[in-house]
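Data block below; observations after.
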Amino acid sequence: MHRLTLAEQRQGLIRGDFSSRELTAHYLARIERLEPALNSFISVTAEAALAAAEAADATRARHGNDSGLLLGLPIAHKDIFCTAGVRTSCASKMLDNFVPPYDAAVVERLRAAGAVSLGKTNMDEFAMGSSNETSYYGPVKNPWATDCVPGGSSGGSAAAVAAQLCAAATATDTGGSIRQPAALCGITGLKPSYGRVSRHGMIAFASSLDQGGPMARSAEDAALLLAAMAGFDARDSTSMDVPVPDYRAALGDSLEGLRIGLPGAYFSAGLDPAIEQAVRAALAELEKLGAILVDIELPHTELAVPCYYVIAPSEASANLARFDGVRYGYRCADPVDLDDLYTRTRAEGFGEEVKRRIFVGTYALSAGYYDAYYRKAQQIRRLIREDFLKAFKTVDVVAGPTTPHTAFRFGEKIADPVSMYLEDVYTISANLAGLPALSIPAGLAQHKPVGLQFIGQDFAEARLLNIGHRYQQVTDWHRRTPALAQEAGA
Amino acid sequence: MPIDQDAIASVARLARIRVAPEEMPALTARINTILAMVDQMAAVDTAGVELMANPFDARQRLREDAVTETDQRAAFLAIAPATEGGLYLVPKVID
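Those protein sequence lines, which keep their order, are chains A and B. With the numbering used here, letter number 189 in the first sequence gets 189, and the count goes up by one each step, no holes. One rule links them: number in the numbering used here = place in the second sequence (from 1) + 490.
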């Protein structure tokens, strides 16, 4: 059953080939067998999952197959989305004991669509990282090579989907946190346009960049999940009131005449030649489907990483000020006064990378430095968005590799934060510009997955999923599974 | 522009995060590596470029001035580290 995609499982449930309870129990058994090797979950909510599955089966029996788009389908949530009554840690010691009294909008919507939650997936602490090595609960292993990172920050969701411990999972993307781990684990991940998916109950990292989205094994599955996740929510002040199109209806659209822009900067020095080869081969497949490849320039690309590493830490320093040991989460032992309570709670509760980013952000926003850093970064951010708007006058989408390298080994980049930051060189621009972007598997290099990224125009998620789906209909890279997932039996 | 340990110490005070003296040299070095990368921005002429805080230059929405939240005081207090009589407890601030 785990070999089926989410869409196939949906059909299986509708036809009555298996029940949601059987499917859920099957995944729980796989999680029990494979989790020790992967560490992709922080919490597995087996009892609640089985109860929800039985309720879904009962709903189907009573009200028929139209009672929920995702009725009875097991998924997992990144542990950044608040779940009422279920610990939501954001992979931090700071929230190790935090049990939210409410559900995030994404959790609410997916439950309303009938989805069954298997549990909460591991991640980089507060979503700050590209390797999952900053998690308080230990790193997630890449199912393709367990000595390598799964990417980050949504590494748990990516590894769980790749190892077929769930067919799909929720995730978030501030600078590449959906697309980079999707690329490194050989799955499909979509970062929607800024404001497309409600951030209500999604623990904030950098509020002008954060966006929730789906991770799955195919573009079709991502479309199913996004259909349930997307839409206006008054409780998120940045939610955009833009109609949600029928993503699934657009999947089969023709690619005839689609103009794909290839930025020179995405194929330059620093890119693994084996990745370039795989990406060019994938683009050639799209040409066969009628797409036209056009060379373009995005002149401010090299400024994206510096710009991001001012904006994201600055906003993080403000957002993470709420963790003070007073209202929820960790509190240090025996504080002598209020200042001691704050400073020691935060010193003990946050990990090294989180503290580093709070310091950089606090500095960038402090008196005398604001103009040189945050203000300057906001101006460069506009130049980066304008590069895209100009490109979109001649092309429909922009494409290139998702990452410059395949999954790297544990410890390889953690000692040098800047080398880690540069792994996000191709993904960060879409966050700065607010644009939707999709990563799909497009080959293997050094026996590890390669990601192909498409960046679309504002709210053009349907087009991106359409391109991904058409590509996946004529290729089978998205069907490849790591040996680890296969050895565990049916 | 690189910053020294005194500047880091003042940033740490602003951020309300205690840093042990022995952590200072390594922390300062790492933050300076990050600032050196970020300083690439200085070379770009941004005169006249408007700031971008939101990709769509969206403004904050207004809503009717009406009560929309229900009372969840008990639920919120239940997850606090220390409470008493419906209030959050912190160490004594005023003697």
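The beta-carbon is built from N, C-alpha and C at its ideal position, and this holds for glycine as well.
Exposure of residue 122(A), with buried meaning 16 or more beta-carbon neighbours within 10 Å: If you number the first sequence from 1, residue 122(A) lands on position 122. Residue burial is scored here from C-beta neighbours: residue 122(A) has at least 16 other C-beta atoms within 10 angstroms and is therefore classed as buried.
Within the continuous beta strand (DSSP E) that includes residue 118(A), where are the two ends? Residue 118(A) sits at position 118 when you count from the first residue of the first sequence. Its beta strand (DSSP E) spans residues 116-121.
So the candidates are 58(A), 137(A), 151(A), 69(A); which of them puts its Cα closest to the Cα of residue 409(A)? If you number the first sequence from 1, residue 409(A) lands on position 409. Looking only at 58(A), 137(A), 151(A), 69(A), the smallest Cα-Cα distance to residue 409(A) is reached by 151(A).
Identify, in the order they occur along the chain, each residue of the same chain with its Cβ nearer than 6 Å to the Cβ of residue 300(A), setting aside the five sequence neighbours on each side. Translated into the one-based positions of the first sequence, residue 300(A) becomes position 300. Excluding sequence neighbours, residue 300(A) sits near 383, 384, 387.
Distance between residue 316(A) and residue 322(A) (C-alpha atoms, nearest Å): Counted from its first residue, the first sequence places residue 322(A) at position 322. Counted from its first residue, the first sequence places residue 316(A) at position 316. Each residue's CA atom was taken as its position, placing residue 322(A) and residue 316(A) some 10 Å apart.
Flag residue 302(A) as yes if its beta-carbon sits less than 9 Å from any beta-carbon of chain B, otherwise no. By 1-based counting over the first sequence, the position of residue 302(A) is 302. Flagged as an interface residue toward chain B: residue 302(A), by a C-beta distance shorter than 9 Å.
So with Cβ pairs under 9 Å, would you call residue 305(A) a contact of chain B? Start at 1 with the first residue of the first sequence, and residue 305(A) comes out as number 305. Chain B places a beta carbon closer than 9 Å to that of residue 305(A), counting this residue as a contact.
Contact list for the region 331-356 of chain A against chain E, Cβ threshold 9 Å: Of the chains in the structure shown, none is chain E; the protein chains are A and B.
I'd like to know if residue 124(A) contacts chain B, where contact means its C-beta is closer than 9 Å to some C-beta of that chain. Working through the first sequence from its first residue, we reach residue 124(A) at position 124. Chain B, which has no Cβ nearer than 9 Å to the Cβ of residue 124(A), makes this no.
Inspect the beta-carbon positions of residue 359(A) and residue 196(A) and report whether they are closer than 9 Å. Residue numbering aside, residue 359(A) sits at position 359 when the first sequence is read from its first letter. Residue numbering aside, residue 196(A) sits at position 196 when the first sequence is read from its first letter. The beta carbons of residue 359(A) and residue 196(A) sit no closer together than 9 Å.
With the cut-off set at 9 Å, would you say residue 491(A) and residue 438(A) are in Cβ contact? Here chain A has residues from 1 to 490 only, and residue 491(A) is not among them.
Under the three-state DSSP convention, the category residue 99(A) falls into: The sequence position of residue 99(A) within the first sequence is 99, counting from 1. Residue 99(A): coil per DSSP, three-state reduction.
Residue 33(A) at chain B interface by Cβ criterion, 9 Å: For the purposes of this step, residue 33(A) is identified with residue 33 of the first sequence, where counting begins at 1. Cβ-Cβ to chain B under 9 Å: no for residue 33(A).
Which chain B residues are close to residue 101(A), counting only those with a beta carbon under 8 Å from its beta carbon? As a position in the first sequence, residue 101(A) is number 101, starting the count at 1. Residues of chain B passing the Cβ test: 562, 565, 566, 568, 569.
Could you give the distance in angstroms between the alpha-carbon of residue 490(A) and the alpha-carbon of residue 479(A)? As a working note, residue 490(A) is residue 490 in the first sequence. As a working note, residue 479(A) is residue 479 in the first sequence. Unreliable positioning characterises residue 490(A) in this predicted model, as indicated by a pLDDT of 45, which lies under 50. A coordinate reading is not provided.
Is it true that the region 13-21 of chain A meets the region 130-139 of chain A, where meeting means three or more beta-carbon pairs spaced less than 8 Å apart? Judged by Cβ distances under 8 Å, the region 13-21 of chain A makes no contact with the region 130-139 of chain A, as fewer than three pairs qualify.
Whole alpha helix (DSSP H) elements within the region 21-100 of chain A, 4-residue minimum: For the region 21-100 of chain A, the continuous alpha helix (DSSP H) assignments of 4+ residues that do not extend past its boundaries occur at 46-63, in sequence order.
If you follow the alpha helix (DSSP H) that residue 524(B) is in, where does it begin and where does it stop? As a position in the second sequence, residue 524(B) is number 34, starting the count at 1. Per DSSP, residue 524(B) belongs to the alpha helix (DSSP H) from 514-528.
Tell me the DSSP secondary structure of residue 142(A) in three-state form. Residue 142(A) sits at position 142 when you count from the first residue of the first sequence. Secondary structure at residue 142(A): strand, using DSSP grouped into helix, strand and coil.
So within the region 196-273 of chain A, which uninterrupted alpha helix (DSSP H) runs reach at least 4 residues, ignoring any that extend past its ends? Runs of the alpha helix (DSSP H) lying entirely within the region 196-273 of chain A, each at least 4 residues long, are 219-229 in chain order.
9 Å Cβ cutoff, residue 514(B) in contact with chain A: Residue 514(B) sits at position 24 when you count from the first residue of the second sequence. Taking 9 Å as the CB threshold, residue 514(B) stays off the interface with chain A.
Residues of the region 198-211 of chain A with Cβ closer than 8 Å to any Cβ of chain B, in chain order: Those residues of the region 198-211 of chain A that come within reach of chain B (Cβ to Cβ, closer than 8 Å) are 208.
State the Cα-Cα distance for the pair residue 180(A) and residue 400(A), rounded to the nearest angstrom. As a first step, residue 180(A) is located in the first sequence; it is residue number 180 there, counting from the start. As a first step, residue 400(A) is located in the first sequence; it is residue number 400 there, counting from the start. The C-alpha of residue 180(A) lies about 13 Å from the C-alpha of residue 400(A).
Distance check for residue 162(A) and residue 518(B), CA to CA, integer angstroms please. The sequence position of residue 518(B) within the second sequence is 28, counting from 1. The sequence position of residue 162(A) within the first sequence is 162, counting from 1. Going from the Cα of residue 518(B) to the Cα of residue 162(A) covers about 39 Å.
Sequence-distant residues of its chain with Cβ nearer than 7 Å to residue 37(A) (five each side left out): Counting from one through the first sequence, the residue named residue 37(A) turns up at place 37. So the list reads 141, 146, 484, once near-sequence residues are dropped.
Confirm, please, whether the CB-CB distance from residue 374(A) to residue 367(A) is below 9 Å. By one-based count along the first sequence, residue 367(A) stands at place 367. By one-based count along the first sequence, residue 374(A) stands at place 374. No, the pair does not count as a contact, with Cβ atoms beyond the cut-off.
Around the Cβ of residue 549(B), are there at least 16 other Cβ atoms within 10 angstroms (buried) or fewer (exposed)? Residue 549(B) sits at position 59 when you count from the first residue of the second sequence. Per the 10 Å Cβ criterion, exposed.
Only counting runs of 4 or more residues, tell me where the alpha helix (DSSP H) segments fall wholly within the region 423-470 of chain A, in order along the chain. Whole alpha helix (DSSP H) segments, 4+ residues: 428-433.
Between residue 495(B) and residue 255(A), what straight-line distance do the alpha-carbon atoms span, to the nearest angstrom? Taking the first residue of the second sequence as 1, we reach residue 495(B) at position 5. Taking the first residue of the first sequence as 1, we reach residue 255(A) at position 255. Put simply, the backbone Cα of residue 495(B) is about 57 Å away from that of residue 255(A).
Check whether the Cβ of residue 492(B) lies closer than 9 Å to any Cβ atom in chain A. If you number the second sequence from 1, residue 492(B) lands on position 2. Closer than 9 Å: no.
Out of 553(B), 574(B), 585(B), 546(B), which has the shortest C-alpha to C-alpha gap to residue 457(A)? Counted from its first residue, the first sequence places residue 457(A) at position 457. If we check each option's Cα against that of residue 457(A), 546(B) comes out closest.
Kindly indicate which residue of 509(B), 502(B), 558(B) has the alpha-carbon position closest to the one of residue 362(A). Position 362 of the first sequence, counted from the first residue, corresponds to residue 362(A). If we check each option's Cα against that of residue 362(A), 502(B) comes out closest.
What's the call for residue 472(A), buried or exposed, on a 16-neighbour Cβ count within 10 Å? Taking the first residue of the first sequence as position 1, residue 472(A) is located at position 472. Taking all protein chains in view, the Cβ of residue 472(A) is crowded by 16 or more other Cβ atoms within 10 Å, so the residue is classified as buried.
Chain-order list of residues whose beta-carbon lies under 8 Å from that of residue 419(A) (same chain, five-residue window excluded): Reading the first sequence from its first residue, position 419 is the one you call residue 419(A). Annotation for residue 419(A): 413 place their beta carbon closer than 8 Å to its own, counting only its chain and skipping 5 residues before and after.
So, is the C-beta of residue 191(A) closer than 9 Å to a C-beta in chain B? The residue labelled residue 191(A) in the question sits at position 191 within the first sequence. The beta-carbon of residue 191(A) is placed no less than 9 Å from the nearest beta-carbon of chain B.
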